[in-house]
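Line by line, the protein sequences are chains B and L. When we follow my numbering, the leftmost residue of the first sequence carries the number 1471, and every step to the right adds one. When we follow my numbering, the leftmost residue of the second sequence carries the number 51, and every step to the right adds one. Each remark here refers to the structure printed beneath this line.
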Amino acid sequence: MRVRFKLNGEPVEVDVEPNELLINVLRERFGLTGTKYACGIGECGACTVLLDGEPVLSCLTLAADVDGHEVVTVEGLAKSGELTPVQRAFIEEGAVQCGYCIPGFVIMAESLLRENPEPTEAEIRDYIRGNLCRCTGYVNIVKAVKRASKYFKLAPPGS
Amino acid sequence: MASRVRPSPINTMNTHIIPVRFEYFAPKTLNEAVDLLSRFRGRAKVLAGGTDLVVQMKVGRVRPEYVVSIRWLRELDFIDTREDGLHIGALTKLRRIEKSDVIRRGFIALYEAAKAMGGVQVRCMGTVGGNLCNASPAADTAPPLMVYEARVKAVSTRGEREIPITKFFKGPGKSALEPDEILTEVMIPYQPANTGSAFLKVARTSMDLAKVNVAAAINVREGVVRWARIALGAVAPTPIRALKAEAYLAGKELGEDVIARAAEIAASETRPITDVRSTAWYRREVSKVLVKDALRIAYGRAVRG
Ligand SMILES: Cc1cc2nc3c(=O)[nH]c(=O)nc-3n(C[C@H](O)[C@H](O)[C@H](O)COP(=O)(O)OP(=O)(O)OC[C@H]3O[C@@H](n4cnc5c(N)ncnc54)[C@H](O)[C@@H]3O)c2cc1C
Ligand code: FES
Ligand code: FES
């Protein structure tokens, strides 16, 4: 079946099977391999994308269900080659080890800061509790979100 | 004891695809949706947020021939305050429930339950209707709705009917809905003055289903409990009300001895099993602790107003 949606700002069309998952369509049809598959059952957050601006799990979303809607993956955050404050902060804090979980954390950090530009540490940790990282121990990830929130304050997105 | 616990099929059967073929429909209206369900006579599954159903299809536990996606049926996504109570559309996301001031102020146990579910992504997908219709004994929205004596509305081509939430759960994965019915809304009566409520949950991690969850609501006049309601999840084939403990509490002053006795009685009303999440023994012991704490918190909220 034909599915039309907006992907990282561009209108796209693709034929999908009813039982195809969004994550597989993103990775295999559009080559957007930033979105990662790990647990496949909603536990780890590696596959998080924004659907109509809200963070959802692409491993539990039927591709058919995004018809007429808007999807943003980690590839769609940086505009014209410039990193977002969140992406910069992750690099500066060394919040990345193997990197597999990071696209999910970056999407969550973007989403958190849009909702709540000055989160406390407890609010940050609660917001990312659906994302697992097997390497970092989360300390630098939390630091990166805090640093990004300072950048956000200086230059809110869209300014 | 642990060796008798079978591994969950979720860990052994899951792959990165859905190994089930089905036809997909995305009706634009509720009428269209119930027409489809009546046409497919039990061979279709309703898809809301998909956080339960897609996992079940991925491991092959559920194999529908048709999937009727109601995910974007906006007419079932609302939180309305009406004369007879609060009406919540079945497709209202848990995230919206958790952010609703009306719910946090008037129905705090439901707020506490929604906030305790999964992570943000699961709550941006999962709906209250999906949580109820999935009919897990551990469903977190069930105990609050049971102590508030909510009712749900079900619609099919044959018409609509109301079901008290206390009659909705029939067994693990089984609700009172017929296969051609769609749950459309949850109705919660306003709670009288001097009522307090609370929800508590014990789980392995902040992301997991409950080992035990408990909600309590208490109405107090001049230091005396006029009525108390207690509901527990994950300790029986369905969420349950602890009716004997409730009867014991009515008319009593809520001292520590009364709280302890009520918790003993409530625990004796549970029928827990041992599974991957917990042992039956632990569930019964923790039920007592959660009932005590929930009663204390609900009482405090009732007297502080
Ligand atoms: C990682 C993770 C963590 C979770 N944590 C929790 C938790 O802490 N507590 C908890 O209680 N649950 C938890 N869940 C389970 C799930 O997220 C909730 O039960 C959620 O509310 C289900 O809603 P849904 O809209 O996604 O339902 P779906 O998966 O779309 O549907 C669930 C079932 O209900 C039926 N259905 C849905 N809507 C209707 C309707 N309106 N009318 C008729 N039938 C309908 C479907 O056919 C299906 O059988 C978790 C799930 C995941 C993946
Ligand atoms: S791959 Fe989707 S949550 Fe783990
Ligand atoms: S950096 Fe390796 S899993 Fe997070």
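Here a beta-carbon is modelled for each residue, glycine too, at the ideal position from N, C-alpha and C.
Outcome for residue i when other beta-carbon atoms lying within 10 angstroms are tallied against a minimum of 16
i: R208/L; result: exposed
i: D1485/B; result: exposed
i: A357/L; result: A question about residue 357/L goes unanswered here, because the residues of chain L that appear run from 51 up to 355.
i: D151/L; result: exposed
i: A297/L; result: exposed
i: C1568/B; result: exposed
i: M63/L; result: exposed
i: V1609/B; result: exposed
i: D130/L; result: exposed
i: K1620/B; result: exposed
i: I1561/B; result: exposed
i: D230/L; result: buried
i: R291/L; result: buried
i: D1535/B; result: buried
i: G169/L; result: buried
i: A278/L; result: buried
i: P59/L; result: exposed
Bridge partner(s) assigned by DSSP for residue i
i: A243/L; result: Answer by DSSP bridge pairing: none, since A243/L is not bridged.
i: A260/L; result: A253/L
i: E1483/B; result: R1474/B
i: M237/L; result: H137/L and R201/L
i: R279/L; result: A267/L
i: L1532/B; result: L1491/B
i: S1619/B; result: Beta-bridge pairing links S1619/B to no other residue.
i: D130/L; result: H137/L
i: T1518/B; result: L1527/B
i: V360/L; result: Residue coverage of chain L in this structure runs from 51 to 355, which leaves residue 360/L outside it and unanswerable.
i: A248/L; result: A266/L
i: E1540/B; result: K1476/B
i: E1552/B; result: K1549/B
i: E303/L; result: V274/L
i: F219/L; result: S225/L
i: K143/L; result: T177/L
i: I290/L; result: L282/L
Cα-Cα separation, residue i to residue j
i: P77/L; j: T65/L; result: 29 angstroms
i: K1506/B; j: I1493/B; result: 8 angstroms
i: S1629/B; j: V172/L; result: Residue confidence is low: S1629/B scores 49 on pLDDT, short of 50, so the model does not pin down where it sits. No coordinate-derived value is stated.
i: E319/L; j: G221/L; result: 16 angstroms
i: Y116/L; j: F75/L; result: 8 angstroms
i: V1576/B; j: S1550/B; result: 18 angstroms
i: M51/L; j: R333/L; result: Residue confidence for M51/L is low, a pLDDT of 47 falling below 50, so the modelled location carries little weight; the figure read from the coordinates is stated next. Rounded to the nearest angstrom, the two C-alpha atoms are 15 angstroms apart.
i: L80/L; j: Y1597/B; result: 33 angstroms
i: I138/L; j: I153/L; result: 10 angstroms
i: F157/L; j: F1500/B; result: 45 angstroms
i: C1517/B; j: D1537/B; result: 19 angstroms
i: M107/L; j: E148/L; result: 28 angstroms
i: E1483/B; j: L1477/B; result: 9 angstroms
i: P1481/B; j: L141/L; result: 27 angstroms
i: P194/L; j: M237/L; result: 12 angstroms
i: E303/L; j: E133/L; result: 33 angstroms
i: V262/L; j: V252/L; result: 6 angstroms
i: P322/L; j: S328/L; result: 9 angstroms
i: M1471/B; j: G1546/B; result: 25 angstroms
i: I68/L; j: P1525/B; result: 22 angstroms
i: R254/L; j: A300/L; result: 34 angstroms
i: T101/L; j: G180/L; result: 8 angstroms
i: R354/L; j: V109/L; result: 48 angstroms
i: A248/L; j: E1552/B; result: 47 angstroms
i: L1520/B; j: A281/L; result: 36 angstroms
i: C1603/B; j: V84/L; result: 42 angstroms
i: I232/L; j: R121/L; result: 12 angstroms
i: P239/L; j: A200/L; result: 7 angstroms
Any C-beta of chain C under 8 angstroms from that of residue i
i: K261/L; result: Absent from the structure: chain C. Protein chains present are B and L.
Residue i: CB within 7 angstroms of a non-hydrogen atom of ligand 4
i: I120/L; result: Only ligand 1, ligand 2 and ligand 3 can be found as ligands here, which leaves ligand 4 out of the picture.
Item checked: Any 3 or more C-beta pairs closer than 8 angstroms across the segment 1532–1541 of chain B and the segment 184–191 of chain L -> no
**Report entry** Cβ contact (3+ pairs, closer than 8 angstroms) linking the segment 1608–1620 of chain B and the segment 1580–1590 of chain B
**Finding:** yes
Specify which residues have a beta carbon nearer than 7 angstroms to any heavy atom of ligand 3, listing them in chain order. V1566/B, Q1567/B, C1568/B, G1569/B, Y1570/B, C1571/B, I1572/B, C1603/B, R1604/B, C1605/B and T1606/B
- the segment 215–235 of chain L contacting the segment 243–252 of chain L, beta-carbon criterion three pairs below 8 angstroms: Result no; under three Cβ-Cβ pairs closer than 8 angstroms.
Using a strict less-than 6 angstroms threshold between each residue's beta carbon and the heavy atoms of ligand 2, what residues do you get?
What you get when you keep residues with a C-beta closer than 6 angstroms to any heavy atom of ligand 2 is Y1507/B, A1508/B, C1509/B, G1510/B, G1512/B, E1513/B, C1514/B, G1515/B, A1516/B, C1517/B, L1527/B and C1529/B.
- Query: Is there contact here, the segment 333–348 of chain L with the segment 305–319 of chain L, by at least three beta-carbon pairs under 8 angstroms?
  - Reply: With a cut-off of 8 angstroms, the segment 305–319 of chain L and the segment 333–348 of chain L count as touching, because enough Cβ pairs lie within range.
Given 8 angstroms, three or more beta-carbon pairs between the segment 197–216 of chain L and the segment 1552–1565 of chain B: Flag = no, the segment 197–216 of chain L and the segment 1552–1565 of chain B do not touch.
With three or more beta-carbon pairs closer than 8 angstroms as the criterion, would you say the segment 340–349 of chain L touches the segment 258–270 of chain L?
yes
- Message: Tell me whether the segment 210–218 of chain L and the segment 118–135 of chain L touch, counting them as touching only if at least three CB pairs, one residue from each stretch, are closer than 8 angstroms.
- Response: no
Discussion item. For the pair the segment 1509–1527 of chain B and the segment 79–96 of chain L, tell me if three or more CB-CB distances fall below 8 angstroms.
Written reply: no
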